[in-house]
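Engineer: Structure in structure tokens, see below.
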Amino acid sequence: MELNYKYAESTVQPTALEVTVGTVYLRKEITSIARTSEQGDKTTYWTYQEAALTPQEFNEYTNLLMAENAIKGTNDSDNIVQLMAGQETGDSQQLAIMEAIADLYDTVAAMIP
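Residue numbers 364 to 476, in the working numbering, belong to the letters of the sequence shown in order.
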């Protein structure tokens with residue numbers, strides 16, 4: 364399963380994982396940039412790649428990542444977290460959020476009719 368990431372930006376710092384009623388957002392490559400307006404005001408923008416999945420797609424993707432991780436012979440939840448974040452290494456905030464996937468997984472699974 365290939366995720367369709369799209370460029371996005373916001374003035375609010377995004378989380379690596381966001382669960383809403385009908386959509387699960389996975390974000391990677393989150394960086395901040397400062398822009399100066401013509402009036403000289405500085406604003407921080409956050410740029411990132413974002414994939415939107417239904418709860419069912421998220422469930423399938425999570426199962427696929429767990430299967431790939433098992434095939435590699437590593438049963439380490441940190442490796443799964445890094446796979447989901449789409450990064451070799453993640454910053455501490457992203458890892459902390461992604462480590463909560465086990466709790467969110469149950470919530471998302473309960474939302475699937």
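Heads up, the beta-carbon is just placed ideally off N, CA and C, and yes, glycines get one too.
#1: Thinking C-alpha only, which one of A430, N422 and P418 is nearest V384?
#2: Can you name the residues that DSSP bridges to Q419?
#3: Since T406 and S400 should fall inside the 8 Å C-beta cutoff, what is the C-beta to C-beta distance between them, to a whole number of angstroms?
#4: What span of residues does the beta strand (DSSP E) with A379 cover, start to end?
#5: At which residues does the beta strand (DSSP E) containing Y370 begin and terminate?
#6: In the DSSP assignment, find the unbroken beta strand (DSSP E) run with E401 in it and report its ends.
#7: Using CA coordinates, which residue listed in D404, R390 and M429 is at the minimum distance from A415?
#8: Assign L427 to one of two classes, buried (16 or more other C-beta atoms within 10 Å of its C-beta) or exposed (fewer than that).
#9: Could you tell me the distance, in whole angstroms, from the CA atom of E392 to the CA atom of E381?
Structural biologist: By the coordinates alone:
#1: Among A430, N422 and P418, the Cα nearest to that of V384 belongs to P418.
#2: Looking at the DSSP assignment, Q419 forms no beta bridge with any residue, so it has no partner.
#3: Right, their Cβ atoms sit about 7 Å apart.
#4: Where A379 is concerned, there is no enclosing beta strand (DSSP E), given that its DSSP letter is neither H nor E.
#5: Bounds of the beta strand (DSSP E) holding Y370 are K369 to S373.
#6: Segment: none, E401 is in no beta strand (DSSP E) and carries neither H nor E.
#7: It is R390 whose Cα lies nearest to the Cα of A415.
#8: Flag for L427 reads exposed.
#9: Whole-angstrom Cα-Cα distance: 15 Å.
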